[in-house]
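In what follows, a structure is listed as structure tokens, so that the remarks can point back to it.
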Amino acid sequence: AQKVTQAQTEISVVEKEDVTLDCVYETRDTTYYLFWYKQPPSGELVFLIRRNSFDEQNEISGRYSWNFQKSTSSFNFTITASQVVDSAVYFCALSLAGLREGGSEKLVFGKGTKLTVNP
Amino acid sequence: DVKVTQSSRYLVKRTGEKVFLECVQDMDHENMFWYRQDPGLGLRLIYFSYDVKMKEKGDIPEGYSVSREKKERFSLILESASTNQTSMYLCASSLNSYGYTFGSGTRLTVV
Chain A
1397 AQKVTQAQTE ISVVEKEDVT LDCVYETRDT TYYLFWYKQP PSGELVFLIR
1447 RNSFDEQNEI SGRYSWNFQK STSSFNFTIT ASQVVDSAVY FCALSLAGLR
1497 EGGSEKLVFG KGTKLTVNP
Chain B
310 DVKVTQSSRY LVKRTGEKVF LECVQDMDHE NMFWYRQDPG LGLRLIYFSY
360 DVKMKEKGDI PEGYSVSREK KERFSLILES ASTNQTSMYL CASSLNSYGY
410 TFGSGTRLTV V
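Top to bottom, those sequences are chains A and B. Take 1397 as the starting number for the first sequence in the numbering used here and just add one per residue. Take 310 as the starting number for the second sequence in the numbering used here and just add one per residue.
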């Protein structure tokens, strides 16, 4: 069975601090996808990034960066120079490659990390 | 862009009522999902569907059923609503494991 663990329930930082959100996953499959979503107070899930299991390159997008390490089954998310608008709940998620043409495995979520950025 | 529309943003129902939560997607996706979100528990999968008239139980199907008569619509049914079903419900659709699109959510309160 697949599992995603986000050990940090809540994190509080002051604006401009860097913050890293941890994500550890479990799966026996060799082909899978990892995701990060942001959920602001409005409630919508905002897609941030997707990574497949064969691509361990780190990615940077503006103030956001992601560190994928298969050796430790981790997919950590760092926000550099945090801003108040970054305050949200962040979810890490895992899906397996579809088993049928056009098929799709379910997306398994971690419990989320609530990030509060104070001015 | 794919759009997933959930019919209600907020819903208040009485204990024992039959409740329908509707979800419609406009991009011909085969796969649709219903999740429930509760504080400290993250998103948990209730039911999902790979095709019309097909459904599979997720991790917490008890107290729920689903209906998928048309490809674009996936309904979640609470046969007899109870207070412990007060929650945020999120619908999603996908073409494959590569990308999922979520609706805005329905915040259901059962009184």
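We treat Cβ as the ideally placed atom computed from N, Cα and C, and that holds for glycine.
What are the boundary residues of the beta strand (DSSP E) that residue i is part of?
{"i": "M336 (chain B)", "result": "Note, M336 (chain B): premise wrong, no beta strand (DSSP E); not H, not E."}
{"i": "R1446 (chain A)", "result": "V1442 to N1448"}
{"i": "A1477 (chain A)", "result": "Premise fails: A1477 (chain A) is in no beta strand (DSSP E) and is neither H nor E."}
{"i": "Q1465 (chain A)", "result": "Y1460 to Q1465"}
{"i": "Q1453 (chain A)", "result": "No beta strand (DSSP E) holds Q1453 (chain A); DSSP gives it neither H nor E."}
{"i": "E378 (chain B)", "result": "Y373 to K379"}
Counting only Cβ pairs nearer than 7 Å, list the residues of chain A close to residue i.
{"i": "G372 (chain B)", "result": "Result: empty, since nearest Cβ-Cβ is about 19 Å, beyond 7 Å."}
Along chain A, in chain order, which residues have C-beta atoms closer than 9 Å to that of residue i?
{"i": "M336 (chain B)", "result": "Per Cβ cutoff of 9 Å: no residues; M336 (chain B) is ~13 Å from chain A at best."}
{"i": "F329 (chain B)", "result": "Here the premise fails: no neighbours, minimum Cβ distance about 20 Å."}
State yes or no: is the beta carbon of residue i nearer than 8 Å to at least one beta carbon in chain A?
{"i": "F383 (chain B)", "result": "no"}
{"i": "S316 (chain B)", "result": "no"}
{"i": "Y409 (chain B)", "result": "yes"}
{"i": "L320 (chain B)", "result": "no"}
{"i": "G325 (chain B)", "result": "no"}
{"i": "S413 (chain B)", "result": "yes"}
{"i": "T418 (chain B)", "result": "no"}
If you draw a straight line from the alpha carbon of residue i to that of residue j, how long is it in whole angstroms?
{"i": "S1408 (chain A)", "j": "N1463 (chain A)", "result": "21 Å"}
{"i": "F1473 (chain A)", "j": "Y1460 (chain A)", "result": "7 Å"}
{"i": "Q394 (chain B)", "j": "V419 (chain B)", "result": "7 Å"}
{"i": "P1515 (chain A)", "j": "F329 (chain B)", "result": "42 Å"}
{"i": "S1483 (chain A)", "j": "L1511 (chain A)", "result": "5 Å"}
{"i": "D1414 (chain A)", "j": "V313 (chain B)", "result": "34 Å"}
{"i": "S1478 (chain A)", "j": "V1513 (chain A)", "result": "7 Å"}
{"i": "S316 (chain B)", "j": "S1467 (chain A)", "result": "43 Å"}
{"i": "K322 (chain B)", "j": "L352 (chain B)", "result": "22 Å"}
{"i": "T415 (chain B)", "j": "E331 (chain B)", "result": "9 Å"}
{"i": "E1440 (chain A)", "j": "F1471 (chain A)", "result": "22 Å"}
{"i": "L417 (chain B)", "j": "E365 (chain B)", "result": "23 Å"}
{"i": "Q1453 (chain A)", "j": "V333 (chain B)", "result": "36 Å"}
Using a Cβ-Cβ distance cut-off of 8 Å, determine whether residue i contacts chain B.
{"i": "R1459 (chain A)", "result": "no"}
{"i": "G1498 (chain A)", "result": "Bear in mind that a pLDDT of 47 at G1498 (chain A), under 50, signals an unreliable position, so the number given afterwards is only what the model happens to contain. Answer yes: the Cβ-Cβ gap between G1498 (chain A) and chain B drops below 8 Å somewhere."}
{"i": "S1471 (chain A)", "result": "For the sequence presented, residue 1471 (chain A) should be read as Phe rather than Ser. So no, F1471 (chain A) is outside the interface."}
{"i": "F1450 (chain A)", "result": "no"}
{"i": "K1507 (chain A)", "result": "yes"}
{"i": "K1502 (chain A)", "result": "yes"}
Check the DSSP bridge columns for residue i and list the partner residues they point to.
{"i": "F411 (chain B)", "result": "B:A401"}
{"i": "G351 (chain B)", "result": "B:D347"}
{"i": "T1405 (chain A)", "result": "DSSP lists no partner for T1405 (chain A)."}
{"i": "T392 (chain B)", "result": "Bridge partners of T392 (chain B): none, in fact."}
{"i": "F1487 (chain A)", "result": "A:Y1433"}
{"i": "Y359 (chain B)", "result": "According to DSSP, which records beta bridges pairwise, Y359 (chain B) is partnered with nothing at all."}
{"i": "Q315 (chain B)", "result": "B:C332"}
{"i": "T1416 (chain A)", "result": "A:T1474"}
{"i": "E1411 (chain A)", "result": "The partner list for E1411 (chain A) (beta bridge, DSSP) is empty, contrary to what the question assumes."}
{"i": "F1505 (chain A)", "result": "A:A1489"}
{"i": "V321 (chain B)", "result": "B:T418"}
{"i": "R382 (chain B)", "result": "B:V333 and B:K379"}
Listing by chain order, which chain A residues have their CB less than 8 Å from the CB of residue i?
{"i": "M397 (chain B)", "result": "G1439"}
List, in chain order, every chain B residue whose beta-carbon is nearer than 9 Å to that of residue i.
{"i": "F1487 (chain A)", "result": "G351 and L352"}
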